[in-house]
Amino acid sequence: MTSYRLPTGGLIDRSKPLSFTFDGKTMQGFQGDSLASALLANGQQLVGRSFKYHRPRGVLTAGAAEPNALMTIGSGGRTEPNTRATMQELYAGLEARSQNRWPSLDFDIGAMTGLISPFLSAGFYYKTFMWPAAFWEKLYEPFIRRAAGLGKASYETDPDAYDKCWAHCDLLVIGAGAAGLAAALTAGRAGARVILVDEHPVAGGGLLSETATIGGTSAPDFATTCIAELESLPNVTVLTRTTAFGWYDGNVFGAVERVQKHLLDPKPHVPVERLWRIVAKRALLATGAEEGPLVFGGNDVPGVMMAGAMRSYLNRYAVSPGKATAIFTTNDSGYALARDLEAKGVSLVAIIDSRNEGNLSYGGKARIIKGGVVANTKGSKALTGIEIYRNGSIEHLDVDALAMSGGFSPVIHLACHRGGKPVWSDEEAAFLVPGRLEGLDLAGAVSAAHGLAACLEDGANKGAKLTQALGFAATAPSFGPVENDVVAAPAKPLWSIPGVKGKAFVDYQNDVHRKDLGLAVAEGYAHVELAKRYTTNGMATDQGKLSNVNAIGLLAEARGVSPAEVGTTTFRPFYTPVSFGALTGAYHGHHFQPVRKSPLHGWAEKNGAVFVETGLWYRSSWFPRQGENGWRESVDREVLNVRKNAGLCDVSMLGKIEVCGRDAAEFLNRVYCNGFLKLAVGKARYGLMLREDGMIYDDGTTSRLDENRYFMTTTTAYAAGVMNHLEFCAQALWPDLDVRLASVTDQWAQMAIAGPKSRTILEKIVDDDLSNDAFPFLAAKEVSLFGGKLNGRLFRISFSGELAYELAVPAGYGESVADALMEAGKPEGIMPYGVEALSVLRVEKGHVTHNEINGTVVPADLGFGKMVSTTKVDFIGKAMLQREGLSASDRPNLVGVVPIDRSQTFRTGSHILAKDASATLENDQGYVTSSAFSPHLGSTIGLALVKKGSHRHGEEVIVWNGIRNEYTPARLCDPVFLDPKNEKLHA
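Structural data, given as structure tokens:
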């Protein structure tokens, strides 16, 4: 292949030359070039090496389906591997490097794998690397890991910015070819809000490579006129360099815009890529059709190219594919290329048409070989000739460029992202979209329209129909007659080509050839999903855009069935690769995750809090005072003061969910394992939420504020998960229940006031009667504060085991209310306390957190067996909770642990061993789930899950930490260390 730049023509701007480098060699192109077209214009046919056999590869396509021309672009932190040269705009200073070769592209040691290719057939990795066993870690695995992957990522920090944003529209049009432009114009003129996206830098699609005229205007000029009008309409947004990569629920489409990927030095405060989430009332897919390759020997040699791609390079970029070209086609589209080549003065040696009848309308000078096929090629790093097989005989032709066209497949990927399976059409010889798609329609070649005129008409009609359905008055415009239209009717598929000698590739990127698929069928992997994984066909970065249809056809032939019976593999996002930068957006470095600050954060800062990150929250961990040495002294003081006087703790981070509706009580009764139907208004109740498998999912309190209104609290860590769980229950499990849910975590500032003097302090700001008779344990109601100036919610609940309350006020008042409580509590000795002290208090009282609710425990394991209702008809987890193993006598139970020698300590996570057992995991009896130093008991205490633990109180054991080689003699005991009769709670 001797490609070169034509002296005239194309859509490039020859007045703006651009210098770039490829593998260190300086080359020149023009503005409007792609990297691929510029390489071809410089005669660079060899652009890469294949993954498995390291075979020489050249440019195959002119678009997103390119499997061969993968480049590493840029340097330093802007290094981007696996960039398709066909999609990369050329810019001055661009640095491109070939991949998957060593030491150089021209001389690649890896090509030696071709010598052992008979041993590297499909599935070879399932049959090898098994012996000798010792070689796996020393030889096989290191070698495989070194060989794996395409390209190399940079270790340097990416200096550029990325962004995410939402957009809403009446009509989203995906694809700016003939059909997409017609539809967008129709809807835009009618006043609809339209977003038009196209993956190329210039909208127009196939129009930019056409030689036809539309209404007397050339196809490229027609596209330019349409785009100019669309951009002039205030209700239309045109997004070029933007790929729609996924279709999601709610008619939300994902798209990535390459904002500055075509610039050497991006502007610092503008993102280089922007991730769009587009919500469309209706969407129109106008993505066209992809030309399919033909599977013959040596179809991967540089110089072999798709006919449509060759036409694009010829007409759009003014690049001739070679000096002696041949065309191998199964349909009429190859003749359009023939006419264009002859018009440009490029030598056309022959047209090889697999059909016996050929194209009767062709009037060019090229020789037509009807009923023939290209069976093999000659050349390694460049094409030098082809072998034509016809009627059992072989003919040799010297050519340096070969175009191939095996028919067209509609680009239906997006339409199948929500579970739809493509349907094989014998009439179209292609897979078409499944039945009716909710919210998405198709127009143009993707809906099997053939030719420019048909695509324009279909796009205009579909655009008018959708716009009318949205309530706009729209009429389909006429664009005038189309001259020199190319209407390529569907041709009979040509799966297996006779006379093939060399490797006939199906998947170019993963080096899957025809025999691999036959082997998959022979070895029992004939199902399309199994064949995909056995051969790796369709598993490369191009996701089989060019290979899948041929693979399905070959599987069908081998099985003696129709492609309809074979079917396709599952289509999933992303349509093309999306960078991690685009997915991350601005959320990296300091902004990796949002910082959630409680409404009482300012109050805690004023009181000297040391903060700790718990999930997204910054929680006050402890409040040091002058003279204290270390956090333990601060925590001990806070704990002792809560038990003696009173303390105030910020608990705003708890998940808070409002549950409302006529069936709210029934809903909660089904969600919790304990009863909630009879919970009285003005009362709170501790509840256990189970998973379907019977294990505890989360715990918390729920208060009944009114007949049909409840206020639920969840653990901080599971707030979002519980909300999602409840939404699933309401929407999917019991949609007939009248219940509404709202997360109100950020709406309320909530503070715990605990200690024997907490009632005295609260009575100074709460207007309601807080006596034990008027407001007993587990009371909950709205209260008046500060003489009626503010309303809040007060709950008499305790996580410390002391007389305690939780006061919730609107978030904006949180800090001032906390300040008022601290002022009111000064005479009573109130102090702030943090989550470290709270943890000590709860361990002393034997209360559990997710340290104990670890996903493997049922209520009985934690001593909550009696909470599980035996009278309810059903609740989540009831059926699976009745499994025999969940009530086995040797299940781990919650116990307390104390060291026999109070001067000794132990750590959370340590194992429990029988007193005289050796320290092995086989003798493991359980483990310490929580531990803390108790200033009241003067020793370390802990909670543990131990086999038969509830029957082993008083037993001496060993607490073993194998990592630190620590052995602590200890005694199992009741998990409640203080006030077992709960006298303080009811004080």
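For the sequence shown, my numbering gives the first residue as 6, with consecutive numbering after it. From the three backbone atoms N, C-alpha and C, an ideal C-beta is built for every residue, glycine too.
Residues bridged to residue i (per DSSP)
i      : result
Leu445 : Ala288
Leu899 : Leu950
Pro837 : Leu653
Tyr9   : Ser325
Ala353 : A small fix is needed here, since residue 353 is Leu in this sequence, not Ala. Looking at the DSSP assignment, Leu353 forms a beta bridge with Thr330.
Val202 : Ile179 and Leu244
Asn381 : Glu392
His401 : Glu392
Phe258 : Trp252 and Ile283
Arg709 : Lys688 and Tyr715
Asp358 : Thr334 and Lys375
Which listed residue (the options) has its alpha carbon closest to that of residue i
i       : options                           : result
His855  : Gly830, Ala724 and Phe782         : Ala724
Asp539  : Val526, Phe140, Leu244 and Val451 : It is worth fixing the name first, because residue 539 is Tyr in this sequence and not Asp. When only C-alpha atoms are compared, the closest one is Val526.
Ala406  : Gly308, Ala323 and Glu362         : Gly308
Ala809  : Leu846, Leu11, Pro582 and Gly792  : Leu846
Asn304  : Trp627, Glu828 and Ser55          : Ser55
Tyr677  : Asp668, Val664 and Leu695         : Leu695
Leu1013 : Leu75, Leu950, Lys21 and Ser20    : Residue 1013 lies beyond the residue range present for the chain, which begins at 6 and ends at 992; the question has no answer from this structure.
Asn105  : Leu120, His532, Pro761 and Pro61  : Pro61
Leu693  : Val863, Val640 and Ala779         : Val863
Thr581  : Thr88, Ser657 and Leu353          : Thr88
Leu976  : Tyr932, Leu950, Pro985 and Gly901 : With the sequence shown as reference, residue 976 is identified as Arg, and Leu is not the correct amino acid for it. When each option's Cα is compared against that of Arg976, the closest is Gly901.
Gly182  : Met32, Ser214 and Thr162          : Ser214
Ala536  : Asp521, Ser366, Lys550 and Asp547 : Asp521
Ser935  : Ala922, Ile917 and Glu768         : Ile917
Residue i, buried or exposed, once every other Cβ within 10 Å from all chains shown has been counted against 16
i      : result
Ile905 : exposed
Asp655 : buried
Gln887 : exposed
His518 : buried
Lys850 : buried
Lys57  : buried
Ala587 : buried
Ala757 : buried
His956 : exposed
Glu278 : buried
Ser8   : buried
Tyr167 : buried
Coarse secondary structure for residue i, derived from DSSP in three states
i      : result
Phe576 : coil
Asp516 : coil
Tyr702 : strand
Lys831 : helix
Tyr318 : helix
Met728 : helix
Glu528 : coil
Thr861 : coil
Val533 : helix
Ser844 : helix
Asn87  : strand
Leu155 : coil
Lys30  : strand
Phe250 : strand
Trp739 : coil
Arg564 : helix
Lys588 : Here residue 588 turns out to be Leu, not Lys, going by the sequence shown. Leu588 falls in the helix class under three-state DSSP.
Lys375 : strand
Ala598 : Residue identity check: residue 598 is Gln in the sequence provided, not Ala. Of the three classes helix, strand and coil, the one that applies to Gln598 here is coil, per DSSP.
Glu889 : helix
Phe473 : The sequence shown places Gln at residue 473, rather than the Phe named in the question. Reduced to three states, the DSSP call for Gln473 is helix.
Any C-beta of chain C under 8 Å from that of residue i
i      : result
Glu697 : Absent here is chain C; the protein component of the structure consists of one chain.
Inset, instruction - Enumerate, from N- to C-terminal direction, the unbroken alpha helix (DSSP H) stretches of 4 or more residues contained entirely within the region 752-827. - result: 763-767
Legend entry - Within the region 636-686, ranges of the alpha helix (DSSP H) (whole runs, at least 4 residues): 636-649 and 669-676
Legend entry - Contained beta strand (DSSP E) runs [length at least 3] in the region 934-986, N- to C-terminal order: 944-952, 961-966 and 971-978
Legend entry - Minimum length 3: unbroken beta strand (DSSP E) runs contained in the region 161-193: 167-179
Inset, instruction - Mind listing, in chain order, the continuous alpha helix (DSSP H) runs of no fewer than 4 residues lying wholly within the region 48-79? - result: none
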